[in-house]
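Chemist: I have a structure here, written as structure tokens, and I will follow up with some questions on it.
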Ligand SMILES: NC(=O)c1ccc[n+]([C@@H]2O[C@H](COP(=O)([O-])OP(=O)(O)OC[C@H]3O[C@@H](n4cnc5c(N)ncnc54)[C@H](OP(=O)(O)O)[C@@H]3O)[C@@H](O)[C@H]2O)c1
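Numbering (our numbering), first residue to last: 26 to 353.
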């Protein structure tokens, strides 16, 4: 099968289209033929080893010290079940599904095996393969942080970096949970963020949300510009700062802040849960959640997609489409 392989860390040029062995499903696995996948900010971090401050060494230990242990990037996909292992009960050949492999990656390939009890669920009929491929990375991250931040109905939430992969999901989900949402983004994305359900949108090129006197129950920072030292006065008493993008120095402050303050910092990697994919699928089916798609590239042009995602300015998600004869 075709796959995008990288054998050393570096710029998008390290990515190569190669023929690799097609996987065979184990007894409890489904084999999915990929119709669409994404290039996320996470793929670009792993490819380049450009990590948040303080995490470079840890990342090398986890991902491979001198070369990547997992040579195929990609954490989410949508496609059709091509075959199933003999013990599989939940899926059948032909089912349209989407899946999230998280840090295990491996989705930038024509085929991927997933355990039936893993993060793989039926694709909502309302969504295209491109949209379904982009359900998981931003959606599960936002859900996990809102769960850890104990988001309550009616709370005021500010999403910094509201137009990115995580931000566009966070705005829609906060709105779904009954929060009053303020989004922060650049001028070009103000209308997009408003259309996702933000009541107020702050253009960070014109206004600094930390200096306008407004306070919030939750601040979600996906842009890395709202560290506690800068945003603490914008949090209400009992407010929570959700550092989706945070470095080691931010994390080291957490115990001290929680001992000395009514405000809290929540950080660290988001958990991968199959039930979160089901939750997102139900929301999508109900018309309450729809992944935002910026650009689509064919698999062969994935290096271009990486170059674009590397800019840190994408709007929602960047899709990689794979050609199949019976693609619907
Ligand atoms: N903790 C976890 O488990 C976890 C999970 C997923 C992602 N992450 C991290 O979260 C970060 C965001 O991920 P993503 O996929 O959403 O990235 P992304 O799609 O590249 O989006 C980043 C967004 O940040 C906005 N931005 C840039 N500068 C800004 C500023 N000064 N103020 C406000 N917004 C600004 C950009 O919007 P404009 O173009 O409008 O500026 C862009 O839309 C990444 O660093 C990623 O590594 C962490």
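All C-beta atoms in this analysis are idealised placements derived from N, C-alpha and C, irrespective of residue type, glycine included.
1) To which residues of the same chain is residue 270 closer than 7 Å at the C-beta, ignoring the five residues directly before and after it?
2) Please classify residue 59: does DSSP put it in a helix, a strand, or coil?
3) Any idea what DSSP makes of residue 43, helix, strand or coil?
4) How far does the beta strand (DSSP E) with residue 183 in it reach, from first residue to last?
5) In whole angstroms, what separates the C-alpha of residue 32 from that of residue 163?
6) Within the continuous beta strand (DSSP E) that includes residue 245, where are the two ends?
7) State whether the stretch 109 to 117 contacts the stretch 77 to 90, with contact taken as three or more CB pairs (one from each stretch) at a distance under 8 Å.
8) Hey, would you say residue 122 sits closer than 8 Å to residue 110, going by beta carbons?
9) Evaluate residue 323 with the Cβ neighbour count: other Cβ atoms within 10 Å of its Cβ, from every protein chain shown; 16 or more gives buried, anything less gives exposed.
10) Taking the continuous alpha helix (DSSP H) assigned at residue 157, which residues delimit it?
11) Report the three-state DSSP secondary structure of residue 139 (helix, strand or coil).
12) Under the assumption that residue 264 contacts residue 229 (Cβ atoms under 8 Å), give the Cβ distance between them as a whole number of angstroms.
13) Quick check: does the Cβ of residue 185 come within less than 7 Å of any heavy atom belonging to ligand 1?
Modeler: Answer, in terms of the structure:
1) 77, 246, 247, 248, 249
2) strand
3) strand
4) 181 to 185
5) 27 Å
6) 241 to 246
7) no
8) Against a cut-off of 8 Å, the Cβ pair of residue 110 and residue 122 comes out as no contact.
9) Burial call: exposed.
10) 154 to 158
11) strand
12) Not a contact, Cβ separation roughly 20 Å.
13) yes
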